[in-house]
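Undergrad:
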């Protein structure tokens, strides 16, 4: 009987230690919250394990649901982060091209479109409106931003 009590106490201590380590490593964000919840459930299971009728499978189902929710949130945040990164790159690239155009004495409007290439957002195409095609501006866009000339278009009208 004393051996069972000793094993139970040792199990509770180990579960508490692992819970504390997981909570510390998880940080303060969503991952940290999940780690703390998981640690609390493991500790609860360790405390209640000697009681008859306590099944680990009842504890696993909520954990699986939490894991699925966490993965959905991670995907949503990655998508949102990508959209924000794309918008910033489009805006900054457009400002760069406008600056180059002004240095060349050109008055125009610029629209830049981004795409992710191998997980990295990059300027993909450029549409310059209000001027005739400019070799100097096209060369600057190609050399500095990496947009090939075939993806640089010009519209002379004010469309």
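In this note's numbering, the protein residues as written are 927 to 1085.
Note that CB positions come from ideal geometry on N, CA and C, so glycine has one too.
Does the separation of the CB atoms of residue 1039 and residue 1050 fall below 8 Å?
TA: yes
Undergrad: Assuming residue 949 and residue 962 form a contact by the criterion Cβ under 8 Å, report the distance between their Cβ atoms to the nearest whole angstrom.
TA: 5 Å
Undergrad: Quick one, are the C-beta atoms of residue 1035 and residue 1055 less than 8 Å apart?
TA: yes
Undergrad: With C-beta atoms as the reference, is residue 952 less than 8 Å away from residue 958?
TA: Yes, Cβ-Cβ distance for residue 952 and residue 958 is below 8 Å.
Undergrad: Given 8 Å as the limit, is there contact between the segment 1021–1033 and the segment 995–1003, that is, 3 or more CB pairs closer than that?
TA: Taking 8 Å as the limit for Cβ pairs, the verdict is that the segment 995–1003 does not touch the segment 1021–1033.
Undergrad: Going by CA-CA distance only, name the one from 971, 1016, 1015, 1053 that's closest to residue 935.
TA: 971
Undergrad: Taking 8 Å as the limit between beta carbons, can you name the residues of its chain near residue 937, skipping five residues before and five after?
TA: 972, 975
Undergrad: Can you tell me whether DSSP reads residue 1051 as helix, strand or coil?
TA: strand
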